[in-house]
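Engineer: For the record, in the sequence shown the residue sitting at position 40 is 34 according to the working numbering, with numbers rising by one throughout.
A single structure is presented below for examination.
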Amino acid sequence: QAKEAGKEIVVMPWSAAGLELYSASLIASDKFLAERPDVARRFIEAFRKSVEFVRENPTEAAAAVTATVPELKSEAVEGSVNDTLVLIFNDVTEADGLGVFKPERLKATWERVSRAQGLDTAKLDPETVVNRAFVPGS
């Protein structure tokens, strides 16, 4: 859309502005994880494979989306895919691995988000909501 309007968009990663947070996670209930850990592990592996596929094949991934939702423009979807990939695969994932939550960064993420939402930071220890047993390689 910017090109069509004769404009250029300059992308500035949030991290370049000092915002270093985790932004996404997979969520499951304790009950589900206890009763169906095999399903959780298979889902996590399928999710990892899908993200890796998108990383290696962004054009094909965008085409799959536009085949499902033809109202979307392929170029716009591919741009969104590429914008998202830098949030998933970056210095943090290179250092720590995909799907890894380091305690200090998790704590900093919770502190920043809770303050931004007007929540009492002390009401939750973010470590109590992370189950590292399902992280591949753990």
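Cβ coordinates follow ideal geometry from the N, Cα and C atoms, glycine included.
Measuring straight from C-alpha to C-alpha, what distance separates VAL123 and ASN76?
Structural biologist: Spanning the two alpha carbons is a distance of roughly 30 Å.
Engineer: Quick one, are the C-beta atoms of ILE38 and PRO97 less than 8 Å apart?
Structural biologist: no
Engineer: Answer with buried or exposed for VAL48, where buried requires no fewer than 16 other C-beta atoms within 10 angstroms of its C-beta.
Structural biologist: buried
Engineer: Taking Cβ positions, are ALA56 and GLU72 nearer each other than 8 Å?
Structural biologist: yes
Engineer: Could you give the first and the last residue of the continuous alpha helix (DSSP H) run that contains ILE3?
Structural biologist: Boundaries cannot be given for ILE3, as no alpha helix (DSSP H) includes it and DSSP labels it neither H nor E.
Engineer: So what does DSSP say about VAL48, is it helix, strand or coil?
Structural biologist: Three-state result, VAL48: helix.
Engineer: Helix, strand or coil for PRO130, going by three-state DSSP, please let me know.
Structural biologist: coil
Engineer: Please look up how many angstroms separate the CB atoms of LEU81 and SER17, rounded, as I've assumed it's under 8 Å.
Structural biologist: 6 Å
Engineer: Give the straight-line distance between the Cα atoms of ASN84 and GLU(-2), rounded to the nearest whole angstrom.
Structural biologist: So the two alpha carbons sit approximately 30 Å from each other.
Engineer: Please give me, in chain order, every unbroken run of the beta strand (DSSP E) with length at least 3 that falls completely inside the stretch 17 to 46.
Structural biologist: Taking only runs of at least 3 residues, no beta strand (DSSP E) segment lies wholly in the stretch 17 to 46.
Engineer: Taking TRP8 as part of the alpha helix (DSSP H), name the residues at either end of that continuous run.
Structural biologist: Note, TRP8: premise wrong, no alpha helix (DSSP H); not H, not E.
Engineer: Between which two residues does the alpha helix (DSSP H) carrying VAL63 extend?
Structural biologist: Under the DSSP assignment, VAL63 falls outside any alpha helix (DSSP H); it carries neither an H nor an E label.
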